[in-house]
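The structure under discussion appears below in the form of structure tokens.
2 protein chains.
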Amino acid sequence: MIRTAALRALLFIVLVAFSYPALAQTDPLPSWNDGAAKTSITDFVARTTAQGNPDFVPQDQRIAVFDNDGTLWIEQPMYVQLAFILDRVRALAPQNPAWKSKQPYKAVLDGDMKALAASGEKGLVELMAATHAGMTADEFSKIVTDWIAAARHPKFNKPYTELVYQPMLEVLAYLRANGFKTFIVSGGGIEFMRPWAEKVYGIPPEQVVGSSIKTRFEMRDGRPVLMRLPQINFIDDKTGKPVGINQHIGRRPIAAFGNSDGDLEMLQWTTMSGSGARFGLIVHHTDAEREYAYDRQSHVGKLDKALDAAAINKWTVVDMKKDWKRVFAFQ
Amino acid sequence: MIRTAALRALLFIVLVAFSYPALAQTDPLPSWNDGAAKTSITDFVARTTAQGNPDFVPQDQRIAVFDNDGTLWIEQPMYVQLAFILDRVRALAPQNPAWKSKQPYKAVLDGDMKALAASGEKGLVELMAATHAGMTADEFSKIVTDWIAAARHPKFNKPYTELVYQPMLEVLAYLRANGFKTFIVSGGGIEFMRPWAEKVYGIPPEQVVGSSIKTRFEMRDGRPVLMRLPQINFIDDKTGKPVGINQHIGRRPIAAFGNSDGDLEMLQWTTMSGSGARFGLIVHHTDAEREYAYDRQSHVGKLDKALDAAAINKWTVVDMKKDWKRVFAFQ
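Protein chains in written order, with this note's numbering: chain R, 936 to 1266; chain P, 936 to 1266.
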């Protein structure tokens, strides 16, 4: 026992001596310009992780939740998952000749976005069912993996997985290095994100929360499979986000990162209930040159009520143009 | 960089030199008698964690799932959550005078288990709604916490949290020490387990999967709350278990531990699909003296089909009487 105690003490001294100066010298958020937004993040982490600080939070309670579309990766000119749906309809069209004359498929195949929009939510749900259901969970995972490797963004001509925000990747890594557990809480499909989220964000499947369709357990040729059914199970958006957080995580996050009105209730749930230090952040898309500029009037990623709430609740609002040295790693 | 590399090498050597003999000398499962059941566990862990072994599994894929009732803690003479429901009905009765003459409440208040059984699933759902809904998620958590601290088992006169199986606690700790992530996957209520599962099992709320009722996000007096609604959201039992595993964990477990037919599909999903080493285990309640003996004919924790499937699929079947030195820590 003495030998072990002595060894531990030695290791501690060695680790502190070697590691501490290294940590102190390195900027954990190199893609962030100095300013209030950056300082709000580093200040929150410093306060919640320093033993003895009145805002100290034990490690197991350091839960941080991140929206995905528009917060961690690009969501313009359309949600990536919508691009996936459209591509899948095109890919499946030869096996479904009736689609040529049937809405909403016809609109997709004709590239008629106006007719597609006219088909409304009902049309979208039908396209979802046609592209997301009718296969096993494993098969769908492979379809997503193959698609995400091949697809390119129309403006940047890059894989979507390269159109993730470098400053936010740094926040993810910085939080994790400080004992936070990072979760995605997205309106996007949970099984659409899981196949690539670990590689791209370092977030394992069990820390991804999202919308889902129902699945059914079946034996097929003597092997168990989960069949994906054309029925909505859960919509993880707006008031659904706190519900999804509670269902999957089971405790209140202390930090939430979003970019649109879909994140309002998640930010409220994180920062306005419970006690202790809390952090809310909104990514405001202000950079038409390096990415896109949009907010109150946008159809995708509308940021209106949540922007007003940010001022009232003292959430950090990131001005992408001003606060970020670069948006994407390749820039 | 050279200094860091040299330090790492030094640390590695020191750690190996000091830790390895200590680990090798200690029995990780001291409450298990030597025999096939114990060996099957240690053998599986050895094979899946030894780099170079054909059965080696990378750490992030070492997912182990555990049923709760009858696998980690006692489920006789009735599910603990049912005891909670009955106690809550009694506690709430003074505020609900009509219950005295209204079934299924009357049966509970009269202690008439026959009449209660006659009310069937419909009666139980009504009692669930009356005791589990109509309050916030935080309020329910506190009700559970208070109850579990005060309640005593009718046979052992101990808190239920002491009626957890010591040999299984050792398996949980042993797996985690070997890089496994341990999850509960129970037919019981997810919010009934989370308040105490971390303290008792070392399993954090985000690694608890269970049945649930619906919740709704609301602002109440300017603060966000999740209201618990009298509607079933998800039943995490039988074919629901693989669905719950996929929904919450998002990848296939490589080890599953259960004790009843409610765990059959979870065991199938874990061991019969996918490739690589897999492990299934069933706790067979054979010890009428130290706990209870029951299987094919039992109303609670019926073990029939899964026992037959165990032989076919080479799942380990634990004979509690023979394989466990002690059932509970206090014995």
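Just so you know, even glycine gets a beta-carbon here, dropped at the ideal spot from N, CA and C.
Of the choices Gln996/R, Pro1140/R, Asp1081/R, Ala1264/R, whose alpha-carbon is the least far from that of Gln996/P? The shortest Cα separation from Gln996/P among Gln996/R, Pro1140/R, Asp1081/R, Ala1264/R belongs to Pro1140/R.
Find the nearest neighbour of Pro1094/P within the set Ile1184/P, Val1106/P, Ser1036/P, Val1079/P, judged by alpha-carbon distance.
Of Ile1184/P, Val1106/P, Ser1036/P, Val1079/P, the residue nearest in Cα terms is Val1079/P.
Self-check item: Pair within 7 Å by beta-carbon distance, Ser1210/R and Pro1130/R
Solution: Taking 7 Å as the Cβ cut-off, Ser1210/R and Pro1130/R do not qualify as a contacting pair.
Quiz prompt | Burial state of Val1262/P (16 or more Cβ within 10 Å) | solution = Its Cβ being crowded by 16 or more others within 10 Å, Val1262/P is buried.
According to DSSP, is Ser1054/R helix, strand or coil? Residue state, collapsed to three classes: coil.
> Relative to the alpha-carbon of Phe1091/R, which residue among Asn1168/R, Arg1025/R, Trp1008/R, Gly1055/R has its alpha-carbon at the smallest distance?
Replying inline: Nearest of Asn1168/R, Arg1025/R, Trp1008/R, Gly1055/R to Phe1091/R, Cα basis: Trp1008/R.
request  = Give, in chain order, every residue of the stretch 1190-1210 of chain P whose Cβ lies closer than 7 Å to some Cβ of chain R.
outcome  = The stretch 1190-1210 of chain P vs chain R, Cβ under 7 Å: Glu1200, Gln1203, Trp1204, Met1207, Ser1208.
**Q.** Three-state secondary structure (DSSP) of Trp1250/P
**A.** Trp1250/P carries a coil assignment under DSSP once its states are collapsed to helix, strand and coil.
Q: With 9 Å as the C-beta to C-beta threshold (strictly closer), list the residues of the stretch 1159-1179 of chain R near chain P in chain order.
A: Residues Pro1159, Val1160, Leu1161, Asn1168, Phe1169, Lys1173, Thr1174, Gly1175, Lys1176, Pro1177, Val1178.
*Ordered along the chain, which non-local residues of its own chain (more than five positions away) have a Cβ less than 8 Å from that of Leu1098/P?*
These residues qualify, in order along the chain: Trp1008, Ile1009, His1088, Phe1091, Phe1263.
- Task: Check whether the stretch 996-1006 of chain R touches the stretch 1182-1199 of chain R, counting contact only when three or more Cβ pairs, one atom from each stretch, lie closer than 8 Å.
- Result: With three or more CB-CB distances shorter than 8 Å, the stretch 996-1006 of chain R counts as touching the stretch 1182-1199 of chain R.
Quiz item: Between which two residues does the alpha helix (DSSP H) harbouring Val1079/R extend?
Solution: Note, Val1079/R: alpha helix (DSSP H), 1072-1085.
Should Gly1124/P and Gln1016/P be called a contact, given that it needs their Cβ atoms to be closer than 7 Å? Yes, the Cβ-Cβ distance between Gly1124/P and Gln1016/P is below 7 Å.
- Buried or exposed: which applies to Asn1003/R, given that a residue is buried once 16 or more other Cβ atoms fall within 10 Å of its Cβ? When all chains shown are included, Asn1003/R counts as buried.
query = By a C-beta neighbour count over all protein chains shown, 10 Å radius and 16 as the cutoff for buried, is Lys973/R buried or exposed?
reply = By the neighbour-count criterion, in which 16 or more other beta carbons inside 10 Å mark a residue as buried, Lys973/R falls on the buried side.
Tell me the rounded alpha-carbon separation between Gln1237/R and Asp1196/R. The identity of residue 1237/R in the sequence shown is Lys, whereas the question assumes Gln. Straight-line Cα distance between these residues: approximately 6 Å.
- Rounded to whole angstroms, how far is the Cβ of Ile1148/R from the Cβ of Leu1161/R, which I believe are closer than 8 Å? Actually they do not touch by this definition, with Cβ atoms about 11 Å apart.
Tell me, please, whether the CB atom of Pro965/P is closer than 7 Å to any CB atom in chain R? Under the Cβ criterion of 7 Å, Pro965/P is not counted among the residues facing chain R.
Do we get a CB-CB distance below 7 Å when we pair Ile1119/R with the residues of chain P? For Ile1119/R, the answer is no, since every Cβ of chain P falls outside 7 Å of its Cβ.
Hey, Ser1036/R and Thr1251/R: beta-carbon distance below 7 Å or not? Annotated as distal: Ser1036/R and Thr1251/R, with beta-carbon spacing of 7 Å or more.
Tell me, please, whether the CB atom of Arg997/R is closer than 7 Å to any CB atom in chain P?
Not closer than 7 Å to any Cβ of chain P, the Cβ of Arg997/R fails to qualify, so no.
Could you tell me the distance, in whole angstroms, from the CA atom of Ala1228/R to the CA atom of Asp1222/R? Ala1228/R and Asp1222/R: Cα-Cα distance of roughly 5 Å.
Please give me, in chain order, every unbroken run of the alpha helix (DSSP H) with length at least 4 that falls completely inside the stretch 1075-1161 of chain P. Within the stretch 1075-1161 of chain P, the runs of alpha helix (DSSP H) that reach at least 4 residues and sit entirely inside it are, in chain order, 1101-1112, 1125-1136.
Item to complete: For Thr961/R, count neighbouring C-beta atoms within 10 Å of its own C-beta (all shown protein chains included) and say buried if the count is 16 or more, exposed if not.
Response: Burial is judged here by how many other beta carbons sit within 10 angstroms of a residue's own beta carbon; Thr961/R has fewer than 16 and is exposed.
Hey, how far is the Cα of Ala1108/P from the Cα of Thr1117/R? Cα to Cα, the separation comes out at about 24 Å.
Just to confirm, is the Cβ distance from Pro1102/R to Ser966/R under 7 Å?
Taking 7 Å as the Cβ cut-off, Pro1102/R and Ser966/R qualify as a contacting pair.
So, are the CB atoms of Asn1181/R and Ala1072/P less than 7 Å apart? Yes. Within cutoff.
Exercise. Please list, in chain order, all residues of the same chain as Gly1185/P whose beta carbon is under 6 Å from its beta carbon, the five residues on each side excluded.
Key: Annotation for Gly1185/P: no residue places its beta carbon closer than 6 Å to its own, counting only its chain and skipping 5 residues before and after.
ask   = Where does His1183/R fall in DSSP's three states?
value = His1183/R falls in the helix class under three-state DSSP.
On the three-state DSSP scale, how would you describe Phe1192/P?
Residue state, collapsed to three classes: strand.
Can you tell me whether Asn1194/P is buried or exposed, with buried defined as 16 or more other CB within 10 angstroms of its CB?
-> Buried is the label assigned to Asn1194/P, since at least 16 other Cβ atoms lie within 10 Å of its Cβ.
For His1220/R, which beta-bridge partners are listed by DSSP? None, per the DSSP bridge assignment.
query: Between Ala1028/R and Leu1051/R, is the Cβ-Cβ spacing less than 7 Å?
result: Contact flag unset, no.
Report task. Could you name the residues of the same chain whose beta carbon sits closer than 7 Å to that of Tyr955/P, not counting the 5 residues immediately before and after it, in chain order? Result -> Note that Tyr955/P has pLDDT 49, beneath the 50 cutoff, so the model's placement of it is unreliable and no number is given.
Query - Neighbour flag for Pro956/R against chain P, beta carbons, 7 Å - result: Confidence is the limiting factor: at Pro956/R the pLDDT is only 46, short of 50, which leaves the residue's position unreliable and the question unanswerable from this model.
Between Ile1167/P, Ala1246/P, Phe1265/P, Asp1239/P, which has its C-alpha nearest Ala1064/P's C-alpha? Residue Ile1167/P is the option with its Cα nearest to Ala1064/P.
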